[in-house]
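Q: Mapping of the sequence shown onto our numbering: residues 125 to 682, in sequence order.
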Amino acid sequence: MGMAEKLVSVVCPWCSVGCRFYIVSVNGYPKKIEFDYENDIRNHGKLCPKGVAAFQYLRHPDRLKRPLKRVGERGEGKFVEISWEEAIKEIAKKLSEIREKYGPEALAFLGSERCSLEENYVLQKLARALGTNNLEYVCRLCQSTAVVGKGKVLGHPGLTNPFEDILKAKVIVIWGYNPAASNPVFFGQYVEKAIIDNNATLIVVDPRKTETAKYADIHLQPYPGTDLAVALAMLNVIITKELYDKDFVAERAEGLEKLATIVERYTPEWAEEVSGVPAELIRKAAITFATAGTAALLTNEGVNQHTNGTKTVMALTEMMVLCGYFGKEGVMSGAIPGAHNGMGAGLAGVEPDALPGKFPLHAEQHRKRIEEAWGFKIPEKPGITYVEMVDAILEGKIRALYVMGTNPAKSLPNLKKVEKALKNIEFLVVQDIFLTETAKYADIVLPAAAWFEKDATAISFERRIQRSFKAAEAPGEAKPDWEIIVMLAKELGLGKYFNYSSADDILREINRIVPPLAGATPERLKKNLKGCMIHCPDENTETPRLFVKGFLTPNGKA
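(1) Which of the three DSSP states, helix, strand or coil, is assigned to F500?
(2) Give me the Cα-Cα distance between S584 and N623, rounded to the nearest whole angstrom.
(3) Check the DSSP bridge columns for E205 and list the partner residues they point to.
(4) Give the single residue among K174, C139, K155, K202 whose Cα lies nearest to the Cα of R183.
(5) Pull the bridge partners of S592 from the DSSP assignment, please.
(6) Per DSSP, what kind of secondary structure is M125 in: helix, strand or coil?
(7) V445 and A459: beta carbons closer than 8 Å?
(8) Three-state secondary structure (DSSP) at W299?
(9) Whose C-beta lies closer than 6 Å to the C-beta of G507 among residues of the same chain, with five residues either side of it excluded?
(10) For P668, does the three-state DSSP call read helix, strand or coil?
(11) If you draw a straight line from the C-alpha of P571 to the C-alpha of T269, how long is it?
(12) Would you mind reading off the limits of the beta strand (DSSP E) that contains Y161?
(13) Which term fits T431, buried or exposed, when burial requires 16 or more other beta carbons within 10 angstroms of its beta carbon?
(14) Quick one: what's H343 bridged to in DSSP?
(15) What's the gap between the Cα of P604 and the Cα of A374?
(16) Run through the DSSP bridge pairs and tell me what F179 is partnered with.
(17) Specify the secondary structure class of Y314 as computed by DSSP and reduced to three states.
(18) Counting Cβ pairs closer than 8 Å, one from the stretch 449–465 and one from the stretch 233–251, do we hit at least three?
(19) Which of helix, strand or coil does DSSP assign to E200?
(20) If I measure Cβ to Cβ from V204 and keep anything under 8 Å in the same chain, skipping five residues before and after, which residues do I get?
(21) Cα separation between K650 and F576?
(22) Under 8 Å between the Cβ atoms of R144 and D164?
(23) Closest by CA to I222, which one among L383, K521, N322?
(24) Exposed or buried, which one is N302 when buried takes at least 16 other CB atoms within 10 Å?
(25) For L471, which three-state DSSP category applies?
(26) Can you pull the DSSP bridge partners for S149?
(27) Touching or not, the stretch 168–181 and the stretch 650–664, by the rule of three or more beta carbon pairs under 8 Å?
(28) Mark E496 as exposed unless 16 or more other C-beta atoms lie within 10 angstroms of its C-beta, in which case mark it buried.
(29) Quick check on the burial criterion: 16 or more other C-beta atoms within 10 angstroms. Buried or exposed for I320?
(30) Is the CB-CB distance between P392 and A384 below 8 Å?
(31) How big is the Cα-Cα spacing for N132 and A602?
(32) So Y390 is in the beta strand (DSSP E); what residue range does that whole segment cover?
(33) Is F287 helix, strand or coil by DSSP?
(34) Which residue from V398, L405, P640 puts its Cα closest to that of P480?
(35) Which same chain residues end up closer than 8 Å to K213 when comparing Cβ atoms and leaving out the 5 residues on each side of it in sequence?
(36) Counting along the chain, where does the alpha helix (DSSP H) carrying G433 start and finish?
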């Protein structure tokens, strides 16, 4: 038999930039990668070292290949192989027994920003079909302050502009974020080009001298945890020196007088005492930023992961509003998630208090609309958060936990407490590609197909939704996550609600359920590898720039 060599276009799963490349597949075996220089894609054919090595784990000898059942003590990692039929029957039996005995709120489900839009969607649908909103994914922990902070000011937390707009920014502020290391293709193809080719001024705010800071014209190094003091002082300078865009603020914002009163006492000299950043350097940064005409401000966990993270995000967002840096070319505002489908998991509905499309659970019109489409009632009581789940397990309130593509035994705070919870839970299922730290506590472990072993959709931090195509066969009996969920739903007697035979079927349902994704159809994403920027209300439109005419707050003002 001859060697059937195929060139398969995939989305890189190692960060949230959304780079594309080809995997050369020979009879379902991934042989090597090829750079994509031909298509109009975000990385222009470039890849970072992580992307170049992206497929190498696919044939790792430790990949899970068959379902496993625990035979030792929890955490020992002792299992025997069982059939898929045995595994699914056992899971359905235990979930049904626990639901019957303790109620649906004794069940909890963890999705993953590492799984596809479709897979997260069917997971949350299964949870709600069973009667619980106990749904979470770890990316919400990372980005919660950014989502809340930007949501309060703007009504939407997403990146405001397409990548190429940063090339026209006169000033770029990178705050608590090191893209030269964490998103090297985005940095090299966009930020570095703006600096070197277009003479953009780079302001970096970071206690460390990072790889990104080496390019900085102005580097502010606050003591760790004092970013808010610097942000308030910059607001003070912009307002007291009247450097803000008066027309923009008058037309599209409110509360300037109140903000001015709040920041009046937060002078650069005060901030210097708190943060250690020289007052004159704070003034210089604020004036440079406010007088640029066009500017970008990008943040990451250095801003988010603080007790005052939400306030810091709000202050930085208000700085952008004051200067009128929204709704046009050459500006950009965003908090950058780490995982390649963090936005997708949220839009899929893997949240305890939000439906697919991130509509609030309490929004009756949306809940009723989705109930009609699904054919069953959605529970009205909000679920509990990721960290609260640990306490609920220890208190005996959650008896069964279903984990898809995530590893709480490694990623949550207070790991000793997490380990205690995993040891004490009545029933634990883990669905993953390796026997993770969490999987070692599981009663049943299910082998999942990896990213390149299935058709899958992801949403990058640019708000760009793209389709990645199956480039390799999964090892052994491993299956795509969505297929496993559908098998379980059928065994639970819920098959009529999960009538899917492909990822395309699921995406078409998402197109009907989630208005911002209505136009991101399988046909469009297959035809156009670049995908589209959400919101995509129909197959011919997208939204490259947010807030062109107004903000997404109730009155349209920031």
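Beta carbons: idealized from backbone N, C-alpha and C, even for Gly.
A: According to the data block:
(1) Position 376 of the sequence shown, counted from the first residue, corresponds to residue 500. If DSSP states are grouped into helix, strand and coil, F500 belongs with coil.
(2) As a working note, residue 584 is residue 460 in the sequence shown. As a working note, residue 623 is residue 499 in the sequence shown. For S584 and N623, the distance between alpha carbons rounds to 28 Å.
(3) Along the sequence shown, read from residue 1 onward, the residue named residue 205 stands at position 81. Answer is L192, bridged to E205.
(4) Your numbering for residue 183 matches position 59 in the sequence shown. Out of K174, C139, K155, K202, K155 has the C-alpha closest to the C-alpha of R183.
(5) Sequence index remark: in the sequence shown, residue 592 carries index 468 (1-based). Looking at the DSSP assignment, S592 forms a beta bridge with A580.
(6) For the purposes of this step, residue 125 is identified with residue 1 of the sequence shown, where counting begins at 1. Because the pLDDT of M125 is 38, which lies under 50, any placement of that residue in the model is unreliable, and the question is left without a value.
(7) Counting from 1 along the sequence shown, the entry for residue 445 is found at position 321. Counting from 1 along the sequence shown, the entry for residue 459 is found at position 335. No; because the gap between Cβ atoms is not below 8 Å, this pair is not in contact.
(8) As a first step, residue 299 is located in the sequence shown; it is residue number 175 there, counting from the start. Three-state result, W299: strand.
(9) Taking the sequence shown and counting its residues from 1, the one referred to as residue 507 is at position 383. The answer, listed in chain order, is N257, N258, L259, P476.
(10) Residue numbering aside, residue 668 sits at position 544 when the sequence shown is read from its first letter. Note: P668 maps to coil in three-state DSSP.
(11) The residue you call residue 571 lines up with position 447 of the sequence shown. The residue you call residue 269 lines up with position 145 of the sequence shown. Those two C-alpha atoms are separated by around 34 Å.
(12) Position 37 of the sequence shown, counting from 1, holds the residue named residue 161. Segment: none, Y161 is in no beta strand (DSSP E) and carries neither H nor E.
(13) Numbered from its first residue, the sequence shown carries residue 431 at position 307. Flag for T431 reads exposed.
(14) To locate residue 343, count along the sequence shown from 1; it is residue 219. Partner(s): V328.
(15) Indexing the sequence shown from 1 puts residue 604 at position 480. Indexing the sequence shown from 1 puts residue 374 at position 250. Computed Cα separation, rounded: 52 Å.
(16) On the sequence shown, residue 179 is found 55 positions in, with the first residue counted as 1. The partner list for F179 (beta bridge, DSSP) is empty, contrary to what the question assumes.
(17) Taking the sequence shown and counting its residues from 1, one reaches residue 314 at position 190. Here Y314 sits in helix by DSSP.
(18) yes
(19) Working through the sequence shown from its first residue, we reach residue 200 at position 76. Here E200 sits in coil by DSSP.
(20) By 1-based counting over the sequence shown, the position of residue 204 is 80. These residues qualify, in order along the chain: L192, K193, V195.
(21) Against the sequence shown, residue 650 aligns to sequence position 526. Against the sequence shown, residue 576 aligns to sequence position 452. Their backbone Cα atoms lie some 16 Å apart in a straight line.
(22) Indexing the sequence shown from 1 puts residue 144 at position 20. Indexing the sequence shown from 1 puts residue 164 at position 40. No. Outside cutoff.
(23) As a working note, residue 222 is residue 98 in the sequence shown. Nearest option by C-alpha distance: K521.
(24) For the purposes of this step, residue 302 is taken as residue 178 along the sequence shown, with counting starting at 1. Per the 10 Å Cβ criterion, buried.
(25) Counting from one through the sequence shown, the residue named residue 471 turns up at place 347. If DSSP states are grouped into helix, strand and coil, L471 belongs with the helices.
(26) On the sequence shown, residue 149 is found 25 positions in, with the first residue counted as 1. Answer is K130, P154, bridged to S149.
(27) no
(28) Position 372 of the sequence shown, counted from the first residue, corresponds to residue 496. Label assigned to E496: exposed.
(29) Your numbering for residue 320 matches position 196 in the sequence shown. I320 should be labelled exposed.
(30) Sequence index remark: in the sequence shown, residue 392 carries index 268 (1-based). Sequence index remark: in the sequence shown, residue 384 carries index 260 (1-based). Not a contact, by the Cβ cut-off of 8 Å.
(31) On the sequence shown, residue 132 is found 8 positions in, with the first residue counted as 1. On the sequence shown, residue 602 is found 478 positions in, with the first residue counted as 1. Correcting the residue identity first, residue 132 is Val in this sequence and not Asn. So the two alpha carbons sit approximately 20 Å from each other.
(32) Here residue 390 is taken as the residue at index 266 of the sequence shown, counted from 1. Unbroken run through Y390: none, as it is neither H nor E.
(33) Numbered from its first residue, the sequence shown carries residue 287 at position 163. DSSP places F287 in helix when its eight states are reduced to three.
(34) Counting from 1 along the sequence shown, the entry for residue 480 is found at position 356. The shortest Cα separation from P480 among V398, L405, P640 belongs to P640.
(35) Here residue 213 refers to the residue found at position 89 when the sequence shown is read from its first residue. Contacts found: E615.
(36) In the sequence shown, residue 433 corresponds to position 309, counting from 1. Segment 433–446, the alpha helix (DSSP H) holding G433.
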